[in-house]
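What follows is a single structure, written as structure tokens, with notes after it.
Residue numbers (the numbering used here): 117 to 399.
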């Protein structure tokens, strides 16, 4: 066999291996995302487990739920982690309503931080949402805003940690995006999370608009749907006293954890326990 023939065969072998490897990866991904979801619904004679829908808050994204998602899936729960737009409370809630409309069967809806305001709005009137879970989150009454609630009690240092950035809204009007400054992100948001992880969280944080945090809430779903609250007792964004006040007003099943605001990242086991407690009541 001459060198030219050997070179051609080698190239063909590499190309075939690339195709097979890509096909194998795609098959593995499909198995990981589709098969467990079908299995999660339970076998014959078993009541299906509710789908857990997770809604992140400001300055975070859906990866903040990774530790919780892993545990929920291991326990057989279907999970959807929603990419919260963080543009306006009414718009974010409408988006979540559309997501919920595409899910069959009972739902447990969990929100972190500003995500609590969003789930409160979106779940009103939705008969498939069987339980609400608030994790270091807002439970606003009609007309209340995140800004107003966090400022009602002492303890929040979020305002001084923010970096405002002027933006142009889709309708051409001017608005303001809010970020937590990188140099204070860990202390303000996630003091009990390892620094290498908070460094990544700081640079990948999703901004929230000033308007979203200032917008008044609609009629809240926690008035008609059972709710669970996990209070983060070392929270510098939403004062623990504010979380306690909102939980008591809602008549929620309440527990506490010694945690920063980033409770789903620093205490995913505790967060999962609260969600699954709510889920057991919803089946």
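A virtual CB, placed ideally from N, CA and C, is assigned to each residue, including glycine. On a predicted model such as this, the values are computed, not experimentally measured, just so you know.
Assignment of residue 263 by DSSP, reduced to helix, strand and coil, places it in the helix class.
One Cα belongs to residue 393, the other to residue 288, and the distance between them is close to 45 Å. By the neighbour-count criterion, in which a residue is buried when 16 or more other Cβ atoms sit within 10 angstroms of its Cβ, residue 331 is buried.
In terms of CA proximity to residue 377, 231 leads the group 231, 343, 256, 248. Taking residue 219 as reference, the option from 259, 242, 308 with the minimal CA-CA separation is 242. It is roughly 7 Å from the alpha-carbon of residue 257 to the alpha-carbon of residue 335. In the structure shown, residue 228 adopts extended strand secondary structure according to DSSP, grouped into three states.
The segment 183 to 201 and the segment 270 to 284 do not touch, with fewer than three beta-carbon pairs separated by less than 8 Å.
Pairing residue 192 with residue 205, the inter-Cα distance amounts to about 32 Å. Per DSSP, the unbroken beta strand (DSSP E) holding residue 290 starts and ends at 290 to 296. Contact between the segment 298 to 309 and the segment 232 to 252 is absent: fewer than 3 CB-CB pairs across the two stretches fall below 8 Å. Nearest C-alpha to residue 274 among 285, 171, 355: 355. Taking residue 329 as the centre and dropping the five residues before and after it, the same chain places the C-beta of 262, 263 closer than 6 Å to its C-beta, in chain order. Membership of residue 391 in the alpha helix (DSSP H) is indicated by the continuous run 384 to 398.
In the three-state reduction of the DSSP assignment, residue 322 falls in the coil class. Put simply, of 198, 169, 255, 197 the residue whose alpha carbon is nearest the alpha carbon of residue 222 is 169. The Cβ atoms of residue 171 and residue 235 sit closer than 8 Å to each other. Taking a contact as a CB-CB distance under 8 Å, the pair residue 277 and residue 290 does not count as one, their CB atoms being some 23 Å apart. If you ignore the 5 residues before and after residue 300, its C-beta comes within less than 6 Å of the C-beta of 277, all in its own chain and listed in chain order. Classified as exposed, residue 312 has fewer than 16 neighbouring CB atoms from the shown chains inside 10 Å of its CB.
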